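A quick write-up on the structure given underneath.
Protein chains: 2
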Amino acid sequence: MAKKPSDEHEQEGGGKIGGKIATREADYPQWYQDVIREAELAEPAKVVKGCMVIKPHGYAIWEKIQRDLDARFKATGHKNAYFPVLIPQSFITKEAEHVEGFAPELAVVTHAGGEKLEEPYVIRPTSETIIGYYFSKWIESYRDLPLLVNQWANVMRWEKRTRMFLRTTEFLWQEGHTAHATHEDGLAEVQRMLGVYGDFAEEVMAMPVIRGEKTASEKFAGALTSMCIEALMQDGKALQAGTSHDLGQNFGRAFDVQFQTEAGALDYVWQTSWGVSTRLIGGLIMTHSDDAGLVLPPRMAPIHAVIVPIFRSEEEHAAVLVAAERIKAALSDLDIAPPRARYRDFIEVVVDDRPIRPGAKFYEWERRGVPVRIELGPKDLAKGQVCVKMRVDTAAGSGKEFVSEAEFIATFTARLATFQAELLRLARERMRAREVTLDTWDEFLATFAGDKSTFAWCHWDGTAETEARIKEETKVTIRCIPLPGQGPDPQPGVCIRSGRPSPRRVLMAKAY
Amino acid sequence: MAKKPSDEHEQEGGGKIGGKIATREADYPQWYQDVIREAELAEPAKVVKGCMVIKPHGYAIWEKIQRDLDARFKATGHKNAYFPVLIPQSFITKEAEHVEGFAPELAVVTHAGGEKLEEPYVIRPTSETIIGYYFSKWIESYRDLPLLVNQWANVMRWEKRTRMFLRTTEFLWQEGHTAHATHEDGLAEVQRMLGVYGDFAEEVMAMPVIRGEKTASEKFAGALTSMCIEALMQDGKALQAGTSHDLGQNFGRAFDVQFQTEAGALDYVWQTSWGVSTRLIGGLIMTHSDDAGLVLPPRMAPIHAVIVPIFRSEEEHAAVLVAAERIKAALSDLDIAPPRARYRDFIEVVVDDRPIRPGAKFYEWERRGVPVRIELGPKDLAKGQVCVKMRVDTAAGSGKEFVSEAEFIATFTARLATFQAELLRLARERMRAREVTLDTWDEFLATFAGDKSTFAWCHWDGTAETEARIKEETKVTIRCIPLPGQGPDPQPGVCIRSGRPSPRRVLMAKAY
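Quick note, the sequences are listed as chains A and B, same order. Just so we're aligned: the first sequence equals residues 74 to 585 in this note's numbering. Just so we're aligned: the second sequence equals residues 74 to 585 in this note's numbering.
This is the structure we're talking about:
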């Protein structure tokens, strides 16, 4: 690919429109908000406490997440269904830990149709209870098992401190709910769906994750154990990006979900639940974006490429537009990534012909995270070339490149695939560079001083007391006990806080 | 296609499982409920007033509706977004007609996070108010217009009388909301989206509709005018299947959505909204289904074909299964219908290898509305043929047919397309056979006596008084004032009730 600057392609930074983006260095939380605002992903709802409005560019990312994950859920045998958004208040109290975990966060409907309700309803904070109720009606025998359903829905948790995408009172998510004949089958499901989440995070979001098990104090309210994927944000904080719970027979008992076993006995079903939410978009933003704004891996990008016409006369304008539309049509016909069974993604290209300066367009599309920018002027047309600039310099392209139109089109999907792989590689490198292995409490305190955080592999004595003490003293939590193959090889040692024996290191960090 | 019966294919009706389906003749409302239950589309929630649980087979139909319509919305320039499910109660009161229409049906959240709220929220019954609020923040100039957004969401209206899919307190829908610089642009949008709904209903749902305008008393609360598509159910009742509203500047004024015009003046935006809901599934059921259960047009069918293995020995079983999987794979690779831009549907085939009698399987899949049933036994294998039975006898196939495997696969998509067209033709014929033109009040009373209903084209004097009088006396409402090309040619006449002059006939019926 020849590189040859051309005076018709202006330098960066011209025609600034929109607001300022803080640097990550100067003010990370502000940077996060600025990136969201400037990419027009969402805005705080303001008139509804802790809610946000998901704007078209943000919602389009959610649609990408939905369609890819939905195909994975269906490929693993799950079917979508829909359960009521309102849950009788008494349902929430049927599982002891569950009510303790969720009661403080409930939004309650007390009146409807102009009358006070006999029993209030709560807006679902999660649906284990009401789905448990229907499972008890649908399941009679081992022949009805496994029952594998998933729901795409809005849920509400009245959180005190909210942050767009990461924690909002209302959020969008999917919640898988399954029932099995044996604990073994349930555990296999928990692992399978954790695997789906981990694969999706890395393959599609290019977001590396650590897979592990939550400690007893961090698990889902009502679960025996919770598995999770944890991602490292650029400020060193951890983001719990997806969870998969072994509910054991807790909800089966609470909602009397009994079945006749193959041997003819009666038993309670073994249930699981698993979910990811619009929080993933927060993780996506904080994994890849830079001080210039949003960065999107191609498989998460609602728009893959923007073509900016460059011209000085109406004649040139007309000629460039014809070429731009021709290139758009050629790219749009390509398949993106190997299509998986029952899911096909499409390449989206925008020709930005608005009557504003090219520099302003460059600036805007950069902030919106479009992976590929194509500039097209009369000299390019004459040479049969396009001027290409990738959103981030990587092996998929760096700086402005001049490539023949035919070669550009022929290599476009390969370029996207390389860019996707490069973003994952860069994110992995950042994670590895930040991961630390700590052995003394002094090191620990220094590592987590003030607002500082990172992924720290430390020994822990396995007690809730030590865990609580560490959290109280440093705000650091145990993100997970890693699965085999995740983190350092399991070796015994001594707890970083108590000095008592520890079977292996666990992942510690401050978290969103 | 040779037709040759084979003794290995059993007769219908064997191995009945599941409940009874009432005949339409004997008890139409019961038939409707029975079809839903036996096809496992949904069930009444019971513990949540007026709600339903949408079961996997029903939700899969909703997904078909969503994906096809969503591609049409995007192709007409709309983008999806998401707004909060809770609306400050005061918002609802800002548009006078709107509050009058919706206040009696609101569900109200008065407590959240363990505290009483200062201002209650309502669960959205529709989102004109809250979206109007954000439009006022987003729109400054004519350059921001048109603003074209759509939301897929759940909404809640506390209805007294509910019926699965047709009217439930919570339902799923999409609501388009657009803002325009001129009334002309708004009206064009209203017509465009009515066109999308009409095309979708007929092309995809195979449900013929009459397109028209609502009378002032039937329009949306807060609109200047409402356009609608009306479908005729098999009991002669009308179903309002989709609406598209010209909101004029009503919500623009209520939420101060002003913009600078190209001439530099300030004006309120012209808004539209339009929606269809899970109610469409009720319409789909009542358009095509018969006394044997659900009938689905292929473009609405989550499963297009089921293959039932027929065998007497384990050897035969193994051989038949290999062939069944081969046929499934070949069919699954086919494209269904011409793929429209940015949307691809997939063919879904089930090989039903459950250890139950073939007759029981036939019965079950028939009730679930699967368009094509394939029986496959060792004799078929020997002859290289399959035994095909369509869900309904039409030009796409009637009775059991024996077709070579190669021909069956090669003609499969054509067979589906013919079946799709045939279901629309049959529904159109039923509609035409039922449509009547009435000129005297005696005829009218006889036509609508008791529970009777049909599509009746009658003259009306254009007054709300006469409309109300007809409704009070007969429960018949004016479904719409038809658009050009819909219904009989517009000719003046005299009102069927008042005898006063009428410019043209309107569509009257009892309605769901």
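Cβ coordinates follow ideal geometry from the N, Cα and C atoms, glycine included. All of these numbers come straight from a predicted model, not from anything done at the bench.
Residue i vs residue j beta-carbon contact at 8 Å
| i | j | result |
| --- | --- | --- |
| residue 345 (chain B) | residue 318 (chain B) | yes |
| residue 324 (chain B) | residue 168 (chain B) | yes |
| residue 381 (chain B) | residue 447 (chain B) | yes |
| residue 352 (chain B) | residue 238 (chain B) | yes |
| residue 201 (chain B) | residue 295 (chain B) | yes |
| residue 400 (chain B) | residue 393 (chain B) | no |
| residue 374 (chain A) | residue 314 (chain A) | no |
| residue 481 (chain A) | residue 583 (chain A) | no |
| residue 528 (chain A) | residue 305 (chain A) | yes |
| residue 129 (chain A) | residue 279 (chain A) | no |
| residue 124 (chain A) | residue 118 (chain A) | yes |
| residue 283 (chain B) | residue 564 (chain B) | no |
| residue 192 (chain A) | residue 161 (chain A) | yes |
| residue 419 (chain B) | residue 330 (chain B) | no |
| residue 604 (chain B) | residue 488 (chain B) | Since the first and last residues shown for chain B are 74 and 585, residue 604 (chain B) lies out of range. |
| residue 320 (chain A) | residue 297 (chain A) | yes |
| residue 222 (chain A) | residue 154 (chain A) | yes |
According to DSSP, residues forming a beta bridge with residue i
| i | result |
| --- | --- |
| residue 308 (chain B) | None, per the DSSP bridge assignment. |
| residue 475 (chain B) | B:460 |
| residue 582 (chain A) | A:550 |
| residue 446 (chain B) | B:379 and B:462 |
| residue 246 (chain B) | B:226 and B:350 |
| residue 323 (chain A) | Answer is none; residue 323 (chain A) lacks a bridge partner. |
| residue 529 (chain A) | A:509 and A:581 |
| residue 420 (chain A) | Bridge partners of residue 420 (chain A): none, in fact. |
| residue 291 (chain B) | According to DSSP, residue 291 (chain B) bridges with nothing at all. |
| residue 155 (chain A) | B:127 |
| residue 345 (chain A) | A:251 and A:319 |
| residue 367 (chain A) | Residue 367 (chain A) is not bridged to any residue. |
| residue 185 (chain B) | A:180 and B:188 |
| residue 220 (chain B) | B:252 |
| residue 236 (chain A) | A:240 |
| residue 567 (chain B) | B:574 |
7 Å Cβ shell around residue i - same chain, five flanking residues per side excluded
| i | result |
| --- | --- |
| residue 485 (chain B) | 404 and 407 |
| residue 266 (chain A) | 249, 317 and 347 |
| residue 89 (chain B) | With a pLDDT of only 40 at residue 89 (chain B), under the threshold of 50, the placement of this residue in the model should not be trusted; the figure read from the coordinates follows. Once the five neighbours on either side are set aside, the close Cβ partners of residue 89 (chain B) are 436. |
| residue 253 (chain B) | 218, 219, 259, 262, 342 and 343 |
| residue 453 (chain B) | 459 and 460 |
| residue 542 (chain A) | 570 |
Own chain partners of residue i with C-beta closer than 6 Å, once the 5 adjacent residues on each side are dropped
| i | result |
| --- | --- |
| residue 598 (chain B) | Only positions 74 to 585 of chain B appear in this structure, which leaves residue 598 (chain B) out of reach. |
| residue 551 (chain B) | 288, 540, 579 and 581 |
| residue 75 (chain A) | Note that residue 75 (chain A) scores 39 on pLDDT, short of 50, meaning its location in the model is unreliable; the coordinates nonetheless yield the value given after this. Answer for residue 75 (chain A): 475, listed in chain order. |
| residue 104 (chain B) | 95 and 97 |
| residue 230 (chain B) | 178 and 198 |
| residue 326 (chain A) | 341 |
| residue 566 (chain B) | 532 and 575 |
| residue 355 (chain A) | 238 and 239 |
| residue 397 (chain B) | 380, 382, 424 and 449 |
Limits of the unbroken alpha helix (DSSP H) element including residue i
| i | result |
| --- | --- |
| residue 64 (chain B) | The structure shown does not extend to residue 64 (chain B), since chain B is modelled only from 74 through 585, so no value can be given for it. |
| residue 178 (chain B) | Unbroken run through residue 178 (chain B): none, as it is neither H nor E. |
| residue 231 (chain B) | Premise fails: residue 231 (chain B) is in no alpha helix (DSSP H) and is neither H nor E. |
| residue 266 (chain B) | 256–276 |
| residue 431 (chain B) | 431–440 |
| residue 203 (chain B) | 201–211 |
Neighbourhood of residue i by C-beta, 8 Å cutoff - its chain only, sequence neighbours within 5 removed
| i | result |
| --- | --- |
| residue 336 (chain B) | none |
| residue 427 (chain B) | 434 |
Opening and closing residue of the beta strand (DSSP E) in which residue i lies
| i | result |
| --- | --- |
| residue 331 (chain B) | 331–333 |
| residue 189 (chain B) | 188–196 |
| residue 285 (chain A) | 282–286 |
Could you name each continuous beta strand (DSSP E) segment of 3 residues or more that falls completely within the region 467–519 of chain A, going from the start of the chain to the end? DSSP runs (the beta strand (DSSP E)) wholly in the region 467–519 of chain A: 473–477.
For the region 100–141 of chain B, which segments carrying the alpha helix (DSSP H) assignment without a break, of at least 4 residues, lie completely within its bounds, in sequence order? If we require 4 residues or more, the alpha helix (DSSP H) runs fully inside the region 100–141 of chain B come out as 101–111.
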